[in-house]
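So the sequence lines, in the order shown, correspond to chains Z and Y. Quick note: the first sequence uses UniProt numbering, first residue 1, plus one each step. Quick note: the second sequence uses UniProt numbering, first residue 1, plus one each step. We put the beta carbon where it would ideally sit given N, CA and C, even for glycine. These numbers come from a predicted model, not from an experiment.
There are 2 protein chains.
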Amino acid sequence: MLVDIAARLLAEEGPQALSTRRLATEADSSTMAVYTHFGGMSGLVREMVHEGFARLQRHLTHVRQTDDPVADMALLGRAYRHNALANPHLYAVMFGGSSLAGFSLTEEDRQHGRYTLGNVVKCATRCFEAGRFRAEDAELVAHQMWSAIHGLVTLELGDYLIAPYDADRCFEAQLTALMVSSGDALDAAASSVALSRERMRDEVEASGAAGEEPAAEG
Amino acid sequence: MLVDIAARLLAEEGPQALSTRRLATEADSSTMAVYTHFGGMSGLVREMVHEGFARLQRHLTHVRQTDDPVADMALLGRAYRHNALANPHLYAVMFGGSSLAGFSLTEEDRQHGRYTLGNVVKCATRCFEAGRFRAEDAELVAHQMWSAIHGLVTLELGDYLIAPYDADRCFEAQLTALMVSSGDALDAAASSVALSRERMRDEVEASGAAGEEPAAEG
DNA sequence: CAGTATTACATAACGGCGATATGTTTTAAG
DNA sequence: CTTAAAACATATCGCCGTTATGTAATACTG
């Protein structure tokens with residue numbers, strides 16, 4: 001399928017490899033294929049955005065609920081970052097706006113992935129019910145998690161975070177800070193974040209052994 | 001100067017207006033001008049990045065130190081956002097990575113603007129000395145402020161934040177959350193953030209009356 | 001001053017891009 | 001079988017960044 005080829009090209013060679021002629025060559029067809037099936041490059045980019053959010057959703061729904069909702073929340077953050085690092089160019093298309101020259105996304109395209117926030121909203125509600133977070137707006141908390149971690153991931157993908165304040169260090173600090181600012185106690189937050197790190201390590205080891213990674217890239 | 005024309009085109013018409021032919025037309029010269037002066041579009045983009053960070057620095061150094069360092073810190077956040085909203089396309093070039101198709105920035109280009117973080121680091125140190133922040137790494141705090149607010153601004157510029165959780169609301173919440181997670185008490189943080197909002201309002205009214213805005217855009 | 005080397009500029013061309021128009025082949029419906 | 005629709009291939013248009021080549025202006029040097 002053309003979408004699969006496009007996803008592979010995007011992951012392996014980056015945005016500049018996504019051209020009608022390159023796709024035609026790769027699919028053994030003509031440049032018209034993109035237009036008959038997607039109405040142009042914009043339509044194909046839209047499909048890529050949907051695919052990107054589907055992969056994100058797959059990562060987020062993969063975190064299991066435990067009796068430590070704050071650790072679950074931290075794990076959601078780790079899953080978000082993990083997905084972005086596994087599909088960096090796809091993530092750039094999802095949020096980069098005009099990452100591909102001149103291909104502006106529709107308002108509907110931009111808001112399409114909003115459903116993935118539901119995972120975070122539900123988890124925030126559980127944190128409220130457990131008395132770990134101040135009882136405030138769960139959606140607002142979700143938006144704060146989203147924008148803060150999105151910002152860190154964006155800077156990381158752009159190679160703006162370097163030693164000694166590399167992305168790993170900033171991310172761990174960011175996770176704890178987010179839990180604290182939502183109302184959790186500092187030591188409790190640090191403990192839950194540490195627990196989430198162990199759960200994440202176990203997760204990637206298990207799926208790494210099964211070779212289940214969604215995408216690899218250089 | 002070619003850089004001024006480029007900055008104007010970028011601000012008024014967006015990234016796709018930045019082409020050698022368009023610049024040649026606008027400057028009444030040929031396409032070679034970009035190559036003799038900047039060695040190509042990449043060089044011109046680099047100059048734009050430098051200009052963008054210079055404007056950011058101008059905004060950041062414009063916030064005055066008061067006896068409420070947390071309010072000063074919040075005002076730095078507001079200044080950062082204000083600069084990004086005043087120069088949205090320029091901000092996209094600074095951090096969008098490949099906002100312009102295929103023009104990858106050098107490692108030196110990406111790290112060039114790092115000096116602007118110094119304003120935040122100094123302010124964080126003052127927050128420590130005032131006993132408002134937990135005495136930890138000032139640079140780490142600065143990085144957290146940076147990535148969190150950068151993430152929010154990025155989502156805002158990309159029109160990802162819509163009512164009822166619009167950018168204004170998320171930003172105010174983000175500011176308070178950042179101060180709280182750095183160690184400030186919730187009510188103290190909220191009070192300083194509110195104070196910073198008033199100072200910001202006075203600021204834009206004063207400079208607005210003098211017509212001193214750095215750039216306007218549709 | 002003359003002579004020269006460097007820089008700036010204009011023109012034309014190359015390859016690649018998204019997009020369109022047109023005609024042809026394949027597919028599916030009646 | 002007939003025909004309407006979908007998919008495809010080819011050629012072309014107007015962009016793009018970039019390069020090569022030749023020319024005019026400038027600055028340096030003896």
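Straight-line measurement puts the Cα of D137 (chain Y) at about 26 angstroms from the Cα of Y80 (chain Z).
For H37 (chain Y), the uninterrupted alpha helix (DSSP H) run begins and ends at 32-38, by DSSP.
Pairing A209 (chain Z) with Y35 (chain Y), the inter-Cα distance amounts to about 51 angstroms. For A7 (chain Y), no Cβ of chain Z is located within less than 8 angstroms of the residue's own Cβ.
At least one C-beta of chain Y is nearer than 8 angstroms to the C-beta of Q174 (chain Z). At a beta-carbon threshold of 8 angstroms, none of the residues of chain Z lie near E47 (chain Y); the nearest stands roughly 19 angstroms away. A check of alpha carbon separations from A194 (chain Y) across Y:A163, Y:A71, Y:L161 identifies Y:A71 as the nearest. Against chain Y, the CB of Q144 (chain Z) has a partner CB under 8 angstroms away; the residue lies at that interface.
Taking the CA atoms as reference points, V141 (chain Z) sits about 19 angstroms from D159 (chain Y). Going by C-alpha positions, F38 (chain Z) is about 14 angstroms away from D109 (chain Z). Interface annotation, E13 (chain Z): not in contact with chain Y, CB-CB separation never under 8 angstroms. With respect to the C-alpha of S192 (chain Y), the residue from Y:F128, Y:E205, Y:Q144, Y:M73 having the closest C-alpha is Y:M73. In terms of beta-carbon proximity, F95 (chain Y) lines the interface with chain Z, with at least one pair separated by less than 8 angstroms.
Between G77 (chain Z) and G151 (chain Y), the gap from beta carbon to beta carbon reaches 8 angstroms or more.
In terms of Cβ geometry, L105 (chain Z) and V49 (chain Z) form a close pair [threshold 8 angstroms].
Looking from the CA of E51 (chain Y), the closest CA among Y:A27, Y:G40, Y:A92 belongs to Y:A92. Neighbourhood of Q111 (chain Z) in chain Y, by CB distance below 8 angstroms: Y160, I162, in chain order. The Cβ atoms of S147 (chain Y) and Q174 (chain Z) lie closer than 8 angstroms to each other.
Ranked by how close their Cα comes to the Cα of I162 (chain Z), the residues Y:G14, Y:L23, Y:H143 have Y:H143 in first place. Here the C-alpha atom of V45 (chain Z) lies approximately 9 angstroms from the C-alpha atom of M94 (chain Z). Residue contact check for Y165 (chain Y) against chain Z: a CB pair falls below 8 angstroms.
Chain order gives no chain Z residues near L76 (chain Y), where near means a beta carbon separation below 8 angstroms; the closest approach is about 16 angstroms.
With contacts defined by Cβ atoms closer than 8 angstroms, V180 (chain Y) and V121 (chain Z) do not form a contacting pair. By the CB criterion at 8 angstroms, G14 (chain Z) and H89 (chain Z) fall inside the cutoff.
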